[in-house]
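> Quick note on my numbering: the sequence shown kicks off at 6 and runs consecutively.
Yeah, the Cβ is synthetic: ideal placement off N, Cα and C, and Gly gets one too.
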Amino acid sequence: MNADQLEAWVFPITRRGYDPEQVDVVVAGAVAALRSWETGGGGAAPTDPAGPDESGAVARLREEVVALERRLDEAVRARSDTEDLRAHAEARATSLEAELRADRERARAELDLLLRRCDEAEARAAELAEALEAGAADAAGGGPDPADEGEEPGRSTDAWHAVGVQVASVLRAADEQAQELVGEATERAAEVEARSSAEAAAQRAEADEYAAQTRLAADDDAAAARAEADDARRDAQRVAAEARRQAEELLVEAERRTVALRAEAVDATRALIERSTDSYQVLAALAESSWTELARRLDELALVLDAAKRQTGARLDLRLDVRDVLEVLETHRPGEEAAAP
6 MNADQLEAWV
16 FPITRRGYDP
26 EQVDVVVAGA
36 VAALRSWETG
46 GGGAAPTDPA
56 GPDESGAVAR
66 LREEVVALER
76 RLDEAVRARS
86 DTEDLRAHAE
96 ARATSLEAEL
106 RADRERARAE
116 LDLLLRRCDE
126 AEARAAELAE
136 ALEAGAADAA
146 GGGPDPADEG
156 EEPGRSTDAW
166 HAVGVQVASV
176 LRAADEQAQE
186 LVGEATERAA
196 EVEARSSAEA
206 AAQRAEADEY
216 AAQTRLAADD
226 DAAAARAEAD
236 DARRDAQRVA
246 AEARRQAEEL
256 LVEAERRTVA
266 LRAEAVDATR
276 ALIERSTDSY
286 QVLAALAESS
296 WTELARRLDE
306 LALVLDAAKR
316 QTGARLDLRL
326 DVRDVLEVLE
336 THRPGEEAAA
346 P
């Protein structure tokens with residue numbers, strides 16, 4: 006990993022409660038160290054200062070952070086599933102309550118129907134009672150004369166008695182039927198009420214038990230998710246501390262390598278300057294000796310010319326060309342005089 010890659014990498018652990026500024030400071034120090042290796046002269050490659058161990062540690066750190074985020078996402082999904090189960094239990098309890106209310110409404114409607122039938126039976130019994138009272142009044146004195154109709158008095162009385170007996174039996178039957186209907190309605194209403202209450206209690210108990218189980222499961226899941234989140238947080242803190250330690254070690258190693266490289270560069274520059282100074286001094290000494298030899302040769306040449314002038318009496322041109330001087334120097338190199346006869 007080079008400096009650009011490290012600088013472009015965003016640490017996800019800054020979203021888990023850690024101080025982003027502190028992480029940025031550590032990462033910035035590591036980036037500065039890597040850039041110093043990249044821009045430092047004559048040093049090793051940027052990936053060499055800390056070796057492959059730090060790159061592997063950074064890769065492992067990234068994998069651990071990704072794994073921690075995956076575990077946290079799973080915990081959040083488990084918590085969401087628990088909330089869905091709780092909502093399902095509440096919806097089921099609400100539907101059961103609606104069904105119980107509907108059953109009670111049906112039972113109340115059936116009870117009202119039975120009560121109406123009882124009222125109708127009582128009304129018919131009242132009509133029969135009125136008819137019986139009217140017949141009894143006619144039998145007592147307001148009815149037709151048996152002599153006028155040509156009937157015997159005893160037979161008329163027996164007929165009215167038979168009618169009264171029939172009416173009484175009808176009234177008793179109507180009363181018994183009404184009582185039976187009232188008893189049946191009351192019994193059926195009590196039965197419906199008891200059945201509705203029992204079903205409501207059973208459904209309520211089932212809903213409460215399901216809600217309790219769901220709540221316990223949700224609490225267990227929440228506790229497990231909380232414990233897992235705590236473990237993940239501790240792991241993230243440990244990973245962050247390890248990353249901080251590695252970054253600090255990397256920074257220290259970078260500083261040490263930078264100091265060493267700077268010292269090496271200073272030593273190399275000093276050695277180069279010293280070698281250049283020595284070479285310059287040698288060249289200066291050679292140049293000085295060459296100019297000294299040139300002056301001596303020119304002096305010798307002047308003496309030779311003076312001697313030739315005195316011996317021959319000829320007029321000699323002492324304006325020599327530089328090429329002539331160089332030819333004289335070539336014929337009189339240092340070291341050749343000793344070899345000459």
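#1: What does the alpha-carbon distance come out to for the pair E258 and A265?
#2: Within 10 angstroms of its Cβ, does L277 collect 16 or more other Cβ (buried), or is it exposed?
#3: Nearest to E354 by alpha carbon, out of E127, L105, E196?
#4: Going by the CB atoms, is the gap between A72 and E233 shorter than 7 Å?
#5: Take E95 and list the residues in its own chain whose beta-carbon comes closer than 8 Å to its own, dropping the five residues that flank it on each side.
#6: Suppose contacts are defined by Cβ-Cβ distances below 7 Å. Is L2 in contact with T219 by that definition?
#7: Can you list, in chain order, the residues of its chain whose CB lies under 8 Å from that of E115, leaving out five sequence neighbours each side?
#8: Can you tell me whether R262 is buried or exposed, with buried defined as 16 or more other CB within 10 angstroms of its CB?
#9: Find out if the Cβ-Cβ distance for the pair A103, S201 is shorter than 7 Å.
#10: Which residues in the same chain as V187 place their Cβ atom closer than 7 Å to its Cβ, once the five residues preceding and following it in sequence are excluded?
#11: Enumerate, from N- to C-terminal direction, the unbroken alpha helix (DSSP H) stretches of 4 or more residues contained entirely within the stretch 67 to 99.
#12: So, using beta-carbon positions, are A83 and A230 closer together than 7 Å?
#13: Look at the alpha carbon of E269 and the alpha carbon of L255, and state the distance between them as a whole number of angstroms.
#14: On the criterion of 16 or more Cβ atoms from any shown chain inside 10 Å, does T87 qualify as buried, or is it exposed?
#15: Compare the beta carbon distance of A237 and R76 with 7 Å and say whether it is the shorter of the two.
#16: Between the Cα of R97 and the Cα atoms of D213, S294, E68, which residue gives the shortest distance?
#17: Measuring straight from C-alpha to C-alpha, what distance separates D272 and T44?
#18: Measuring only the C-alpha atoms, how far is A33 from E253?
#19: Let me know if S295 comes out buried or exposed under the rule of 16 or more other beta-carbons within 10 Å of its beta-carbon.
#20: Do L133 and A205 have their CB atoms nearer than 7 Å?
#21: By Cβ distance below 6 Å, which residues in the same chain neighbour L308 in space, the five residues on each side in sequence not counted?
#22: Below 7 Å between beta carbons: does that hold for L137 and Q208?
#23: Could you check the C-alpha separation between R301 and S284 for me, to the nearest Å?
#24: CA-CA distance, A223 and H93?
#25: List the whole-angstrom C-beta distance separating D240 from E69, where the pair is believed to meet the contact cut-off of C-beta under 8 Å.
#26: Quick check for students: name the residue ranges of the alpha helix (DSSP H) that lie wholly in the stretch 288 to 321, counting only runs of 4 or more.
#27: My parser needs the alpha helix (DSSP H) runs of 4 or more residues fully inside the stretch 192 to 275; what are they?
#28: State the Cα-Cα distance for the pair A178 and E185, rounded to the nearest angstrom.
Looking at the coordinates:
#1: 10 Å
#2: exposed
#3: Given that the chain is displayed from residue 6 to residue 346, the structure contains no residue 354 and the question cannot be resolved.
#4: no
#5: A216
#6: Residue numbering for the chain in the displayed model covers 6 to 346; residue 2 lies beyond these limits and cannot be assessed.
#7: R193, A194, V197
#8: buried
#9: no
#10: C123
#11: none
#12: yes
#13: 20 Å
#14: buried
#15: yes
#16: D213
#17: 19 Å
#18: 11 Å
#19: exposed
#20: no
#21: none
#22: no
#23: 25 Å
#24: 13 Å
#25: 7 Å
#26: none
#27: none
#28: 10 Å
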